[in-house]
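As given, the protein sequences belong to chains A and B, one line each in that order. Note that the UniProt record's numbering numbers the first sequence so that position 85 is 85, with each residue one more than the last. Note that the UniProt record's numbering numbers the second sequence so that position 113 is 113, with each residue one more than the last. For every residue, glycine included, the Cβ atom is placed at its ideal position computed from N, Cα and C. Step one of this worksheet: look at the structure below.
There are 2 protein chains.
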Amino acid sequence: MSRLPLTLALTALLPLAVQAADTPKKSTYRSAKQIIDASPAGDWRALDPANTLYMELPGGRVVIELAPGFAPAHVANIKTMARGGFWDGTSIYRAQDNFVVQFGDADADDAAKAKPHPDGTKEKLPAEFTRAIKGAPFTRIPDVDGWAPQVGFSEGFPAARDPKKNRMWMPHCYGVVGAGRNNAPDSSIGAELYVVIGQAPRALDHQLTMVGRVVKGMELLSATPRGPEPMGFYEDPAQRTPIKRIALASELPEAERTPLEILRTDSATFRAATEARRNRKDDFYTEPAGHIDLCNIPIPVRTPAKP
Amino acid sequence: MSRLPLTLALTALLPLAVQAADTPKKSTYRSAKQIIDASPAGDWRALDPANTLYMELPGGRVVIELAPGFAPAHVANIKTMARGGFWDGTSIYRAQDNFVVQFGDADADDAAKAKPHPDGTKEKLPAEFTRAIKGAPFTRIPDVDGWAPQVGFSEGFPAARDPKKNRMWMPHCYGVVGAGRNNAPDSSIGAELYVVIGQAPRALDHQLTMVGRVVKGMELLSATPRGPEPMGFYEDPAQRTPIKRIALASELPEAERTPLEILRTDSATFRAATEARRNRKDDFYTEPAGHIDLCNIPIPVRTPAKP
């Protein structure tokens, strides 16, 4: 019998996340965390309350940043539905492992039980799978990507472009929010939404309308017990996760809002932090990767210091 | 007020998984599911009980296929520890969102409380980050990969190769099992293990020893509530997920085993199913992707029909 050697400490296996231990090998190398900690205030932006959703679950609040630049019609409809309390009392009715959680009205396909949409909801929207490249900001990263000719960030969201087809879209990275649809491309209106909780299912890229991204509270969605039915649905309503409310931040009194700042994806800090992740040189990494996948790049969020 | 249109059925958003709805657009296209359903028996292999671990959690059994071809010394040590009951009564003591769950002895770094290793456990092992290319089977896929010059499968596991460096390794795809270590490359012995539960953290590729892959029960690990401490640890032992037992399948009576068959990754069926996923042509997909990421390719598992 022997003791577990001390070298096998619980801190074994450093994470990729911001909180990674910082033990730079060379004084010239700064970790992503060090770079972010030293960032100027101007490299951060406050979330816009008019484009922020709070989803209240039994475990706490999920904060979603909406992406009107990618899906103006869907985002406008979602805001109408949130103002009208459409999702209050609905549920997460699907959790499929390594794929998505989906939420909204579990009775949506039962005409007798479906929850009515609030006044002003548009019942038909165009598909907004892609947007034109021209006029849309884009900060490209140099890394090769199998799904798109160009990848990077736009307006704080992961983005991919195909110049030959003059289109840009939000890839299916972990945490992005999309509008579920049926076979018809224009069959979504934003009532039924899904969030990616697994390996980026990018075969779905530019085949659905993407409406935003979870910026805080992902762990409340990703740890949802998976549904036992095919595709992760729950037949038993008691197994679904109840949604107390989904509200626009701007509709709440300031005291009830979650103040958050997001690191600008077009900032020097973000670029330098990404490069530090691409070529890690701390004591744990035996060699730098020289590459990073678009969907591996975290977009840092912080609670602003009190003024 | 209006009803939710019928087109927004709950079946909206088809999954990537095997259970995807099958509505082929053209009679010449067969979906991955159709191809797999029509597969010959010889394209499947039974799991080897001598290289299969059963991890018994409160929610059920997780089945792990060990990879002696990738990490012979670690796998031998893990088998010794499993036979000696090392993990019985230990826990999942870490769950970090979009990264890993980690399990073993939560008191491993406390010499006074650490659980002794079973007789025969080796307390020092070589790092087994990579293996030589020569002599190792490899079925390559043609898809570009940012992390490795060549990707594919070997002995039923995802694999990546770098011919210039004469090395092959198991990439950090969803569900792979690795041996946690400290900064020293040879500081793992397989006692503390982790499983990838998020976007493939492939910056860790060939920097840790990979010992296997979860082939059934991933949802019991991936839905673990995330730990509140930095890096996903739980300070409160009551929040950890208890592990009743980890046993080698071969040590259990046959009646207590989970019979499983895995689709051979070097079979014609696997190749055709992957191609069907690479270029989906059912009624949901508006255009085929023409690409698939190594870590997006599911390795089908089934319960064999009773003889």
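Proximal chain B residues relative to A/Asp-37, where beta-carbon distance stays under 8 angstroms: As a position in the first sequence, residue 37 of chain A is number 37, starting the count at 1. Simply none; closest approach about 15 angstroms.
For A/Pro-24 and chain B, any beta-carbon pair shorter than 8 angstroms? Locating residue 24 of chain A in the first sequence gives position 24, where the first residue counts as 1. Its pLDDT being 49, under 50, A/Pro-24 is placed unreliably by the model, and the measurement read from it follows with that caveat. It does not: the Cβ of A/Pro-24 has no partner Cβ on chain B nearer than 8 angstroms.
If you check the beta carbons only, do B/Thr-224 and B/Ile-35 fall under 8 angstroms apart? To locate residue 224 of chain B, count along the second sequence from 1; it is residue 224. To locate residue 35 of chain B, count along the second sequence from 1; it is residue 35. Not a contact, by the Cβ cut-off of 8 angstroms.
Is it true that the CB of A/Thr-265 sits closer than 8 angstroms to the CB of A/Phe-153? Locating residue 153 of chain A in the first sequence gives position 153, counting from the first residue. Locating residue 265 of chain A in the first sequence gives position 265, counting from the first residue. Yes.
Any beta-carbon of chain B closer than 8 angstroms to the one on A/Trp-147? Reading the first sequence from its first residue, position 147 is the one you call residue 147 of chain A. Cβ-Cβ to chain B under 8 angstroms: yes for A/Trp-147.
Between the beta-carbon of B/Ile-92 and the beta-carbon of B/Thr-241, is there less than 8 angstroms? In the second sequence, residue 92 of chain B corresponds to position 92, counting from 1. In the second sequence, residue 241 of chain B corresponds to position 241, counting from 1. B/Ile-92 is a Cβ neighbour of B/Thr-241, given a cutoff of 8 angstroms.
Straight-line gap, A/Gln-199 to B/Cys-295 (C-alpha atoms, nearest Å): Taking the first residue of the first sequence as 1, we reach residue 199 of chain A at position 199. Taking the first residue of the second sequence as 1, we reach residue 295 of chain B at position 295. Cα to Cα, the separation comes out at about 7 angstroms.
Going by DSSP in three states, residue 309 of chain B sits in which element: helix, strand or coil? Because chain B spans 1 through 307 in this model, residue 309 of chain B falls outside it and cannot be assessed.
Smallest Cα separation from A/Ile-299: which of A/Leu-260, A/Thr-286, A/His-291, A/Arg-280? Here the question's residue 299 of chain A lines up with position 299 in the first sequence. Out of A/Leu-260, A/Thr-286, A/His-291, A/Arg-280, A/Leu-260 has the C-alpha closest to the C-alpha of A/Ile-299.
Take A/Met-55 and list the residues in its own chain whose beta-carbon comes closer than 6 angstroms to its own, dropping the five residues that flank it on each side. Counting from one through the first sequence, the residue named residue 55 of chain A turns up at place 55. Result list for A/Met-55: Val-62, Ile-246, in chain order.
Classify B/Gly-290: buried if its beta carbon has 16 or more other beta carbons within 10 angstroms, exposed otherwise. Residue 290 of chain B sits at position 290 when you count from the first residue of the second sequence. Looking at its Cβ environment, which holds fewer than 16 other Cβ atoms inside 10 Å, B/Gly-290 is exposed.
Between B/Ala-179 and B/His-74, which are expected to be in contact by the criterion C-beta below 8 angstroms, what is the C-beta distance as a whole number of angstroms? Position 179 of the second sequence, counting from 1, holds the residue named residue 179 of chain B. Position 74 of the second sequence, counting from 1, holds the residue named residue 74 of chain B. For a cut-off of 8 angstroms, the C-beta gap from B/Ala-179 to B/His-74 is around 6 angstroms, short enough to register as a contact.
If I follow the unbroken alpha helix (DSSP H) through A/Met-218, where does it start and stop? One-based indexing of the first sequence puts residue 218 of chain A at position 218. According to the DSSP assignment, A/Met-218 belongs to the alpha helix (DSSP H) that extends over 218 to 222.
Take every Cβ of the region 180 to 192 of chain A, pair it with every Cβ of the region 221 to 236 of chain A, and state whether three or more of those distances are shorter than 8 angstroms. Not touching, per the Cβ criterion.
Looking at the secondary structure, which residues open and close the alpha helix (DSSP H) in which A/Phe-270 lies? The residue labelled residue 270 of chain A in the question sits at position 270 within the first sequence. Per DSSP, the continuous alpha helix (DSSP H) segment holding A/Phe-270 begins and ends at 268 to 278.
Bridge partner(s) assigned by DSSP for B/Pro-242: As a working note, residue 242 of chain B is residue 242 in the second sequence. Its beta-bridge partners are B/Ser-91.
Got a sec? Which residues, its chain only, sit under 8 angstroms from B/Pro-58 by beta carbon, not counting five neighbours each side? What you label residue 58 of chain B is simply residue 58 of the second sequence in a count that begins at 1. Thr-241, Pro-242, Lys-244, listed in sequence order.
With a threshold of 16 other CB atoms inside 10 Å of the CB of B/Glu-256, please say whether the residue is buried or exposed. Locating residue 256 of chain B in the second sequence gives position 256, where the first residue counts as 1. An exposed status is given to B/Glu-256, since fewer than 16 other beta-carbon atoms sit within 10 Å of its beta-carbon.
In terms of residues, what are the limits of the beta strand (DSSP E) holding B/Met-168? In the second sequence, the residue the question calls residue 168 of chain B occupies position 168. Looking at the DSSP string, the run of the beta strand (DSSP E) that includes B/Met-168 is 167 to 169.
Output the distance between the C-alpha atoms of B/Pro-288 and B/Gly-156, rounded to the nearest integer angstrom. Locating residue 288 of chain B in the second sequence gives position 288, where the first residue counts as 1. Locating residue 156 of chain B in the second sequence gives position 156, where the first residue counts as 1. Each residue's alpha carbon lies about 26 angstroms from the other.
Three-state secondary structure assigned by DSSP to B/Ser-188: Indexing the second sequence from 1 puts residue 188 of chain B at position 188. Assigned with DSSP and collapsed to three states, B/Ser-188 falls in coil, not helix or strand.
To which residues of the same chain is B/Lys-113 closer than 8 angstroms at the C-beta, ignoring the five residues directly before and after it? On the second sequence, position 113 is the one that residue 113 of chain B refers to. Listed in chain order, the non-local C-beta contacts of B/Lys-113 below 8 angstroms within the same chain comprise Asp-107, local neighbours out to five positions each way being set aside.
Got a sec: is the Cβ-Cβ distance from B/Met-168 to anything in chain A below 8 angstroms? In the second sequence, the residue the question calls residue 168 of chain B occupies position 168. Using a Cβ-Cβ cut-off of 8 angstroms, B/Met-168 does not count as an interface residue toward chain A, since no Cβ of chain A sits closer than that to its own.
For B/His-74, which residues in chain A fall below 9 angstroms Cβ to Cβ? Looking up residue 74 of chain B in the second sequence gives position 74. Under a criterion of Cβ atoms nearer than 9 angstroms, no residue of chain A is adjacent to B/His-74; the nearest Cβ is some 13 angstroms distant.
Run the CB neighbour count on B/Lys-115, radius 10 Å, all protein chains shown included, and call it buried at 16 or more, exposed below. Locating residue 115 of chain B in the second sequence gives position 115, counting from the first residue. Buried: at least 16 other Cβ atoms inside 10 Å.
Could you name the residues of the region 198 to 216 of chain A whose beta carbon sits closer than 9 angstroms to any beta carbon of chain B, in the order they occur along the chain? Those residues of the region 198 to 216 of chain A that come within reach of chain B (Cβ to Cβ, closer than 9 angstroms) are Gly-198, Gln-199, Ala-200, Pro-201, Arg-202, Ala-203, Leu-204, Asp-205, His-206, Gln-207, Leu-208.
In whole angstroms, give me the CA-to-CA distance for A/Ser-250 and A/Phe-233. Counted from its first residue, the first sequence places residue 250 of chain A at position 250. Counted from its first residue, the first sequence places residue 233 of chain A at position 233. Cα to Cα, the separation comes out at about 32 angstroms.
Let me see if you follow: with CB-CB separation under 8 angstroms, is B/Arg-61 close to chain A or not? Position 61 of the second sequence, counted from the start, is the residue given in the question as residue 61 of chain B. By this cut-off, B/Arg-61 is not an interface position.
Distance between A/Gly-60 and A/Leu-252 (C-alpha atoms, nearest Å): Your numbering for residue 252 of chain A matches position 252 in the first sequence. Your numbering for residue 60 of chain A matches position 60 in the first sequence. A/Leu-252 and A/Gly-60 have their C-alpha atoms spaced approximately 16 angstroms apart.
Nonlocal neighbours in the same chain, by C-beta distance under 7 angstroms from B/Val-18, ignoring five residues either side: The count along the second sequence starts at 1 and reaches residue 18 of chain B at position 18. Confidence in B/Val-18 is poor, its pLDDT being 32 and thus under 50, which makes the residue's placement unreliable; the coordinate value appears in the next sentence. So the list reads Ala-32, Lys-33, Ile-36, Pro-298, Pro-300, once near-sequence residues are dropped.
Any idea what DSSP makes of B/Ala-111, helix, strand or coil? What you label residue 111 of chain B is simply residue 111 of the second sequence in a count that begins at 1. Residue state, collapsed to three classes: coil.
8 angstroms contact criterion, which B/Val-214 and B/Leu-221 should meet: CB distance rounded: For the purposes of this step, residue 214 of chain B is taken as residue 214 along the second sequence, with counting starting at 1. For the purposes of this step, residue 221 of chain B is taken as residue 221 along the second sequence, with counting starting at 1. Sure, about 7 angstroms apart at Cβ, within 8 angstroms.
Within-8 angstroms CB hit, A/Tyr-29 to chain B: Locating residue 29 of chain A in the first sequence gives position 29, where the first residue counts as 1. A/Tyr-29 has a beta carbon lying at 8 angstroms or more from every beta carbon in chain B.
What residues of chain B sit near A/Thr-224, judged by a beta carbon separation below 8 angstroms? Numbered from its first residue, the first sequence carries residue 224 of chain A at position 224. Correct list: Ala-223.
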